[in-house]
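Chemist: Before I ask anything, here is the structure I am working with.
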Amino acid sequence: MADPFLIGESMTGGYGAANILHGCTIAVEKGEIAVIVGPNGAGKSTAMKAVFGMLRLRGGHIRLEGEDITALSPQGRVAKGMAFVPQTHNIFGSMSVQENLEMGAFLRRDDIRPTMEMVYDLFPILRDKRNQPAGELSGGQRQQVAVGRALMTRPKVLMLDEPTAGVSPIVMDELFDRIIEIARTGISILMVEQNARQALMIAHKGYVLVQGANRFTGTGAELMADPEVRRTFLGG
Amino acid sequence: MTRPVLLFALVTGLFVLTGITQSWSVALTILNMGVVSAIMALGVNMQWGYAGLFNIGVMGFAALGGLAVVLTATAPVDGAMAAGGWRILGALAVGIAALIAAVQAWRRMRRGRGLVVTVIVIAGFLLFRHIFDAGVAGVEAINPTVQGNLGGLGLPVWMAWPVGGLLAAIAAWGIGKTALGLRSDYLAIATLGIAEIVLAVLRNEEWLDRGVKNVIGLPRPVPYEVDLQQSAGFVSWAQEYGFDPVTASSIVVKLCYLGLFALVLAIVMLLAELALKSPWGRMMRAIRDNEVAAGAMGKNVKARHLQIFIIGSAVIGIAGAMMTTLDSQLTPASYQPLRYTFLVWVMVIVGGSGNNWGAMLGGFLIWWLWVMVEPIGQGVLSALTAPMADGWLKAHLQDGAAHMRLLTMGVILLLVLRFSPRGLIPER
Amino acid sequence: MDLLNALVAFANFVFVPAVAYGAQLALGALGVTLIYGILRFSNFAHGDTMAFGTMCTILVTWGLQSWGIGLGPLPTALLALPVGIAVTGLFLVATDRTVYRFYRRTRAAPVILTMVSLGVMFVMNGLVRFIIGVDSIDFADGARFVVNARDFRDATGLDEGLAIRSTQAITIVVAAIAMALLFWFLNRTRTGKSMRAFSDNEDLALLSGINPERVVTVTWLIVAALATTAGVLYGLDKSFMPFTYFQLLLPIFAAAVVGGLGSPLGAVAGGFVIAFSEVGVTYAWKKVAGYALPEGLQPDGLAQLLSTDYKFAVSFAILVLVLLFRPTGLFRGKSV
Numbered sequence: 001m002a003d004p005f006l007i008g009e010s011m012t013g014g015y016g017a018a019n020i021l022h023g024c025t026i027a028v029e030k031g032e033i034a035v036i037v038g039p040n041g042a043g044k045s046t047a048m049k050a051v052f053g054m055l056r057l058r059g060g061h062i063r064l065e066g067e068d069i070t071a072l073s074p075q076g077r078v079a080k081g082m083a084f085v086p087q088t089h090n091i092f093g094s095m096s097v098q099e100n101l102e103m104g105a106f107l108r109r110d111d112i113r114p115t116m117e118m119v120y121d122l123f124p125i126l127r128d129k130r131n132q133p134a135g136e137l138s139g140g141q142r143q144q145v146a147v148g149r150a151l152m153t154r155p156k157v158l159m160l161d162e163p164t165a166g167v168s169p170i171v172m173d174e175l176f177d178r179i180i181e182i183a184r185t186g187i188s189i190l191m192v193e194q195n196a197r198q199a200l201m202i203a204h205k206g207y208v209l210v211q212g213a214n215r216f217t218g219t220g221a222e223l224m225a226d227p228e229v230r231r232t233f234l235g236g
Numbered sequence: 001m002t003r004p005v006l007l008f009a010l011v012t013g014l015f016v017l018t019g020i021t022q023s024w025s026v027a028l029t030i031l032n033m034g035v036v037s038a039i040m041a042l043g044v045n046m047q048w049g050y051a052g053l054f055n056i057g058v059m060g061f062a063a064l065g066g067l068a069v070v071l072t073a074t075a076p077v078d079g080a081m082a083a084g085g086w087r088i089l090g091a092l093a094v095g096i097a098a099l100i101a102a103v104q105a106w107r108r109m110r111r112g113r114g115l116v117v118t119v120i121v122i123a124g125f126l127l128f129r130h131i132f133d134a135g136v137a138g139v140e141a142i143n144p145t146v147q148g149n150l151g152g153l154g155l156p157v158w159m160a161w162p163v164g165g166l167l168a169a170i171a172a173w174g175i176g177k178t179a180l181g182l183r184s185d186y187l188a189i190a191t192l193g194i195a196e197i198v199l200a201v202l203r204n205e206e207w208l209d210r211g212v213k214n215v216i217g218l219p220r221p222v223p224y225e226v227d228l229q230q231s232a233g234f235v236s237w238a239q240e241y242g243f244d245p246v247t248a249s250s251i252v253v254k255l256c257y258l259g260l261f262a263l264v265l266a267i268v269m270l271l272a273e274l275a276l277k278s279p280w281g282r283m284m285r286a287i288r289d290n291e292v293a294a295g296a297m298g299k300n301v302k303a304r305h306l307q308i309f310i311i312g313s314a315v316i317g318i319a320g321a322m323m324t325t326l327d328s329q330l331t332p333a334s335y336q337p338l339r340y341t342f343l344v345w346v347m348v349i350v351g352g353s354g355n356n357w358g359a360m361l362g363g364f365l366i367w368w369l370w371v372m373v374e375p376i377g378q379g380v381l382s383a384l385t386a387p388m389a390d391g392w393l394k395a396h397l398q399d400g401a402a403h404m405r406l407l408t409m410g411v412i413l414l415l416v417l418r419f420s421p422r423g424l425i426p427e428r
Numbered sequence: 001m002d003l004l005n006a007l008v009a010f011a012n013f014v015f016v017p018a019v020a021y022g023a024q025l026a027l028g029a030l031g032v033t034l035i036y037g038i039l040r041f042s043n044f045a046h047g048d049t050m051a052f053g054t055m056c057t058i059l060v061t062w063g064l065q066s067w068g069i070g071l072g073p074l075p076t077a078l079l080a081l082p083v084g085i086a087v088t089g090l091f092l093v094a095t096d097r098t099v100y101r102f103y104r105r106t107r108a109a110p111v112i113l114t115m116v117s118l119g120v121m122f123v124m125n126g127l128v129r130f131i132i133g134v135d136s137i138d139f140a141d142g143a144r145f146v147v148n149a150r151d152f153r154d155a156t157g158l159d160e161g162l163a164i165r166s167t168q169a170i171t172i173v174v175a176a177i178a179m180a181l182l183f184w185f186l187n188r189t190r191t192g193k194s195m196r197a198f199s200d201n202e203d204l205a206l207l208s209g210i211n212p213e214r215v216v217t218v219t220w221l222i223v224a225a226l227a228t229t230a231g232v233l234y235g236l237d238k239s240f241m242p243f244t245y246f247q248l249l250l251p252i253f254a255a256a257v258v259g260g261l262g263s264p265l266g267a268v269a270g271g272f273v274i275a276f277s278e279v280g281v282t283y284a285w286k287k288v289a290g291y292a293l294p295e296g297l298q299p300d301g302l303a304q305l306l307s308t309d310y311k312f313a314v315s316f317a318i319l320v321l322v323l324l325f326r327p328t329g330l331f332r333g334k335s336v
């Protein structure tokens with residue numbers, strides 16, 4: 001079997017002495033959406049951070065396009081085409097929307113205007129508010145800025161840590177639509193979600209983590225159809 | 001356990017060495033000041049080591065202690081109260097009343113309180129100045145070459161020590177009320193400011209302490225050398241043991257000081273150790289290590305910080321009063337922040353913050369170094385420059401030796417912070 | 001009543017000196033606030049950094065003077081300033097590499113870094129005293145006045161003269177240029193924006209590929225430029241004395257806190273607030289009031305609120321008021 005586009009394979013590790021992840025595997029194919037769900041404290045965000053190199057692994061490997069990047073720093077991974085949107089503090093609040101996007105493209109030396117236009121087309125409201133400080137926007141708009149900033153690096157993989165935390169259901173649907181659109185442009189999406197049901201509906205692949213290990217893995221539809229997953233994690 | 005003992009033995013050795021190679025009188029002079037430094041270091045250690053409070057106004061609190069000596073122990077100046085002393089006291093009362101009125105107005109009123117408070121403050125200030133200026137002129141006109149101030153209460157000088165603590169505590173209360181509960185740096189900036197202002201007051205308010213004209217000849221808690229030398233009993237005692245009466249008198253006086261100071265140090269140390277080991281001390285350290293958690297557990301962090309800040313400042317004030325007593329004079333121009341504030345910090349950090357024994361050791365060790373670095377630096381520099389041709393560079397380098405101690409202290413502080421941040425005797 | 005003369009007296013004794021002093025404080029406070037924003041600690045070595053930079057500039061000035069190189073009516077120190085900035089910049093970056101970087105790597109608490117800055121302060125203070133001594137040094141040369149009081153009186157026919165010393169004019173012009181450059185740099189250039197981003201959200205800046213070491217190095221270089229410029233302007237306007245520069249810490253910190261620590265715009269505003277309050281409170285208003293008020297209402301005394309010996313009390317009082325009522329400062333810095 002060919003290697004997936006991005007894979008974190010049998011990852012083991014944690015912040016302190018104790019391991020949070022126990023041989024957990026997460027992968028995403030090109031242009032697809034992979035979603036990590038699971039109960040609180042299952043290590044969802046930790047798994048994501050491990051893939052991004054924000055956690056020292058004691059076991060396992062991370063490979064991007066077949067290349068082993070386990071030893072690379074987060075900054076190095078940004079240069080390799082990975083982008084990460086943290087759950088909180090994910091914008092530069094005192095800087096304008098446009099400056100946020102510029103900072104996203106910090107490492108790029110080429111013309112960033114087409115990418116910026118692409119982001120504005122994706123999130124039209126940002127075009128209107130481009131000169132406003134990002135900290136003054138609403139919660140949903142901030143998330144758009146955060147995703148927009150990450151897209152400015154022209155990533156191959158976009159990683160989102162609970163992008164819909166704290167936004168209204170309408171905004172959430174809107175955001176999921178945008179995420180599908182982004183995936184259609186060929187960018188792989190790996191995200192952690194609390195709203196498991198909605199997230200699995202748009203997911204090509206779903207991972208249910210429990211206590212730092214894979215419990216169920218399958219396509220979004222398979223997991224939605226699995227009675228045990230439904231009973232335990234989706235509330236019937 | 002052996003490490004502290006060894007270190008204290010080492011420091012003792014340094015003083016003994018000084019006594020043997022230079023003279024016992026010099027060694028005792030350094031030691032007496034070392035005791036005062038140790039007490040100051042204990043005060044700073046309470047604030048920083050127990051509670052993590054960053055006080056860089058040590059100089060100001062020490063100077064308030066010095067002021068206490070003048071106000072407590074000097075004789076009252078004849079006619080000063082009549083000439084304007086009462087006016088000054090009245091003016092101060094008016095000023096305080098205006099401040100209280102302003103605070104009350106701010107608390108009680110809602111609408112338009114900013115304006116009312118501003119009016120109260122300005123009117124209060126003008127009234128204060130009106131009453132105050134005439135009083136000051138009256139007092140300062142009395143025999144200005146040697147007096148021109150209110151004088152003190154004429155009490156025994158040791159009573160000035162607790163008074164010094166009290167003055168420092170009052171100042172600390174005001175600062176703490178303002179700056180505690182905010183970022184730690186703010187307390188640092190505020191204390192830096194209060195120290196400058198205390199010194200500005202001491203330098204300029206001649207009615208209070210004669211300003212830069214200095215108050216000299218403060219009473220002493222110990223006999224005078226001259227009296228000893230003229231006492232037949234003392235002279236015969238000295239000769240009996242084969243001492244020169246002049247040297248002996250100087251040493252005896254210094255030993256008397258040492259006894260008194262060591263007593264205070266012992267009391268402060270005892271109380272500090274008891275406090276640190278009590279539930280209160282454990283709570284303080286818990287707050288220091290995790291303010292959020294301690295706050296969540298229902299501890300009133302700001303009130304506890306205010307408490308320890310006042311206590312620590314009071315200890316510094318006591319030490320400041322003792323220092324002025326030792327000098328027998330108050331010279332406001334001699335207070336320099338590098339010497340009085342930052343040197344004490346070096347003592348605490350080098351000795352071991354959070355550990356009273358460490359702070360005390362640091363007090364002795366760093367004070368000894370501070371005194372000795374200058375001659376040592378001079379020696380090193382003259383040795384280094386000896387082969388050089390005489391010229392401006394050589395002269396400049398040798399003159400510069402006086403400033404080597406600042407450099408040395410800075411380097412010591414940086415090295416300890418970097419390689420041994422817990423100090424010589426770390427917190428247990 | 002004679003409002004015109006009152007205005008001229010006011011300009012002469014209060015406005016012009018306060019603007020010059022305010023510009024000097026603002027430059028100093030900008031340095032403090034940048035360090036706070038980027039490196040996240042209060043740098044107590046800043047006053048001594050100013051002294052160090054000024055010392056370097058003075059040494060170069062003396063060299064230039066001995067070679068007979070000058071700027072005509074302008075002080076030679078302006079020619080020496082870039083060299084002073086460069087040396088100070090090197091020194092600060094070297095200090096960062098040898099001292100501060102370790103604590104950044106270990107993610108030490110800000111208060112530890114502040115403590116470390118005390119150690120650096122000691123060392124810099126010792127160096128400055130060792131190299132140039134403790135005495136007051138006047139190194140201003142060139143023309144003394146832009147506008148002379150007597151010429152002004154002759155030209156306008158007023159009783160009051162307006163004198164603008166060239167050092168005051170230079171202070172204002174140089175400070176304006178320095179601030180304009182700084183704000184252009186922070187708001188318009190890629191590196192400047194990356195500094196703001198780093199100050200705003202360090203983790204996200206890292207995720208965006210911003211190199212923290214580069215940001216820190218650039219910050220120290222800018223701080224060296226600001227501190228040296230502030231110190232040289234202050235020294236030209238008054239005189240250079242290491243201890244005075246240490247004492248400037250209080251008004252400079254007050255300015256930075258009043259404006260909001262971490263906010264460059266706030267630092268500038270704070271500098272002028274402190275300077276105007278200090279000059280206004282310690283100035284004897286008798287002359288101005290004598291012109292401005294109607295007969296009979298004129299004050300008998302000096303109409304001076306506080307003697308100049310208490311100028312630091314003014315900074316302190318404002319600092320206390322800000323801490324009590326608005327600890328984040330006028331421009332909502334990143335404090336508390």
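Chains as they are written, first to last, in the working numbering: chain P, 1 to 236; chain Y, 1 to 428; chain U, 1 to 336. Glycine included, each C-beta is placed from N, C-alpha and C at the ideal position.
(1) Cβ of Val-215 of chain Y within 8 Å of Cβ of Thr-74 of chain Y?
(2) For chain U, check one thing: does any of its Cβ atoms lie closer than 8 Å to the Cβ of Val-145 of chain P?
(3) Roughly how many angstroms separate the alpha carbons of Gly-410 of chain Y and Val-120 of chain U, rounded to a whole number?
(4) Counting only the same chain and skipping the five closest in sequence on each side, list residues whose C-beta sits under 8 Å from that of Leu-406 of chain Y.
(5) Select from the stretch 104-116 of chain P all residues with a C-beta closer than 7 Å to any C-beta belonging to chain U, and list them in chain order.
(6) Just how far apart, CA to CA, sit Glu-117 of chain P and Val-147 of chain P?
(7) Compare the C-beta of Leu-248 of chain U against all C-beta atoms of chain Y and say whether one is closer than 8 Å.
(8) Can you tell me which residues form a DSSP beta bridge with Pro-133 of chain P?
(9) Looking at chain Y, is there any beta carbon in it that lies within less than 8 Å of the beta carbon of Leu-34 of chain U?
(10) Just by C-beta distance, which residues in the stretch 103-115 of chain U are closer than 8 Å to chain Y?
(11) Taking the alpha helix (DSSP H) that Val-85 of chain P falls in, what are its first and last residues?
(12) The alpha helix (DSSP H) spanning Asn-32 of chain Y covers which residue range?
(13) I want to verify the contact list: residues of chain U whose CB lies under 7 Å from the CB of Gly-273 of chain P, in sequence order.
(14) Cβ atoms of Gly-34 of chain Y and Ala-367 of chain Y: under 8 Å apart, would you say?
(15) Is it buried or exposed for Pro-242 of chain U, if we count other Cβ within 10 angstroms and need 16 for buried?
(16) Residues bridged to Asp-161 of chain P by DSSP?
(17) Within 8 Å (strictly less), CB to CB, does Ala-355 of chain Y reach chain U?
(18) Name the DSSP bridge partner or partners of His-61 of chain P?
(19) Starting from the N-terminal side, write out each stretch of the alpha helix (DSSP H) that is 4 residues or longer and does not extend beyond the stretch 6-85 of chain U.
(20) Between Ile-349 of chain Y and Leu-7 of chain Y, how many whole angstroms is the CB-CB distance? I'm expecting something under 8 Å.
(21) Quick check: Asn-19 of chain P and Thr-12 of chain P, are their CB atoms within less than 8 Å of each other?
(22) Identify the continuous beta strand (DSSP E) that holds Asn-214 of chain P and give its terminal residues.
(23) Does the Cβ-Cβ distance between Val-222 of chain Y and Ala-160 of chain Y come in under 8 Å?
(24) What residue from Y:Met-284, Y:Ile-311, Y:Gly-317 has the CA that sits closest to Val-301 of chain Y's CA?
(25) Kindly indicate if chain P contains any beta-carbon less than 8 Å away from that of Ala-197 of chain U.
(26) List the residues of chain U that Thr-178 of chain Y touches, going by C-beta distances under 7 Å, in chain order.
(27) Identify, in the order they occur along the chain, each residue of the same chain with its Cβ nearer than 8 Å to the Cβ of Met-323 of chain Y, setting aside the five sequence neighbours on each side.
(28) Within its chain, find whatever has a CB closer than 7 Å to the CB of Tyr-335 of chain Y; leave out the 5 residues flanking it on each side and keep chain order.
(29) I'd like the ranges of any alpha helix (DSSP H) spanning at least 4 consecutive residues and lying wholly in the stretch 9-54 of chain P.
Modeler: On the basis of the coordinates in this document:
(1) yes
(2) no
(3) So the alpha carbons of these two residues sit roughly 6 Å apart.
(4) Within the same chain, Leu-406 of chain Y has close Cβ partners Leu-338.
(5) Gly-104, Phe-106, Leu-107
(6) 14 Å
(7) no
(8) P:Ser-96
(9) no
(10) Cβ contacts with chain Y come from Pro-110, Val-111, Ile-112, Thr-114, Met-115.
(11) Careful: Val-85 of chain P lies outside any alpha helix (DSSP H), inside the beta strand (DSSP E) at 82-85.
(12) Boundaries of the alpha helix (DSSP H) harbouring Asn-32 of chain Y: 24-45, taken from the DSSP string.
(13) Because residue 273 of chain P is not part of the residues shown, which for chain P are 1 to 236, the question remains open.
(14) Note on residue identity: the sequence assigns Trp, not Ala, to residue 367 of chain Y. Yes. Within cutoff.
(15) buried
(16) P:Val-192
(17) Just to set this straight, residue 355 of chain Y is Asn in the shown sequence, not Ala. For Asn-355 of chain Y, the answer is no, since every Cβ of chain U falls outside 8 Å of its Cβ.
(18) For His-61 of chain P, which the question treats as bridged, DSSP gives the partners P:Glu-9.
(19) 16-39, 46-66
(20) The Cβ separation is near 15 Å, so there is no contact.
(21) yes
(22) Unbroken beta strand (DSSP E) run through Asn-214 of chain P: 213-218.
(23) No, the pair does not count as a contact, with Cβ atoms beyond the cut-off.
(24) Y:Met-284
(25) yes
(26) Here the neighbours are Val-320, Leu-323, Leu-324.
(27) Met-33, Val-36, Ala-62, Gly-65, Gly-66
(28) Within the same chain, and ignoring the five residues on either side of Tyr-335 of chain Y in sequence, the residues whose Cβ sits closer than 7 Å to its Cβ are Met-59, Ala-63, Leu-199.
(29) 44-52
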